[in-house]
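Here the sequence shown is numbered in the numbering used here, starting from 57 and rising by one per residue. Glycine included, C-beta positions come from ideal geometry on N, C-alpha and C.
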Amino acid sequence: MFSHVMIGSNNIERSKRFYDAVLGTLGASEPLKLQANSGHTRIFYRHEGNTFCVTEPINDEMATFANGGTIGFKCASPEQVQEFHDIAVSNGGESIEEKPGIRESSFGNLYIAYVRDPDGNKLCAIYRVK
């Protein structure tokens, strides 16, 4: 359904350090770093057919996060969820909501962790418990 997810950043190098560490837990490799025609820097992480992008806003206004928005990253195990969370926090992220763990939902049991990146974007690491 999706071709990519793109978020804005007010400090692209800080975001690169954060996402290199956090997305590395999922197996993403070094991102492709490009300049848009406008001269703004963008980084593109590719992994398992998915693309996650971080960009300096091309309208030169401050990047802001979406209130109510969440970007979810699929994990292979509860341990990977925990690692995602811990690495996010140790690289400038903030742990939010409940501590990582199992949540019951209408979709079944999920092992979930929520963090905010250094720009305030809400991220979710999620594993469907079988």
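Among the options, the one whose alpha carbon lies nearest that of residue i
i	options	result
Phe129	Ala144, Arg159, Leu179	Leu179
Val171	Gly157, Ser162, Ile152	Ile152
Gly176	Ala144, Glu86, Asp76	Ala144
Glu135	Leu166, Ser94, Arg102, Asp76	Leu166
Asn106	Ile127, Ser161, Glu154, Ser162	Ile127
Own chain residues within Cβ distance below 8 Å of residue i, not counting five before or after
i	result
Glu104	Gly83
Val239	There is no way to answer for residue 239, as the model of the chain reaches only from 57 to 186.
Boundaries of the alpha helix (DSSP H) in which residue i is found, first to last residue
i	result
Ser146	134-146
Other residues of its chain near residue i: CB distance less than 6 Å, five sequence neighbours each side excluded
i	result
Pro174	Arg70, Phe74, Gly148
Ile68	Thr97, Glu112
Ser65	Ser71, Val110, Ala119, Asp175
Lys89	Ile99
Pro87	Ile99, Phe100, Tyr101
Anticipated Cβ contact below 8 Å, residue i with residue j, distance rounded
i	j	result
Phe121	His60	Not really, about 18 Å apart at Cβ, beyond 8 Å.
Ser146	Tyr183	Wrong, their Cβ atoms sit about 20 Å apart, outside the cutoff.
Backbone secondary structure at residue i - three-state DSSP
i	result
Phe58	coil
Ile68	helix
Phe121	coil
Val185	coil
Gly95	coil
Leu179	strand
Gly80	helix
Boundaries of the beta strand (DSSP E) in which residue i is found, first to last residue
i	result
Ala169	164-172
Gly157	150-161
Ile127	127-130
Asn106	106-111
Close beta carbons around residue i, own chain, < 7 Å, minus the five adjacent residues each side
i	result
His141	Ser151, Pro156, Ala169, Val171, Ala181
Met62	Cys109, Thr111
Asn115	none
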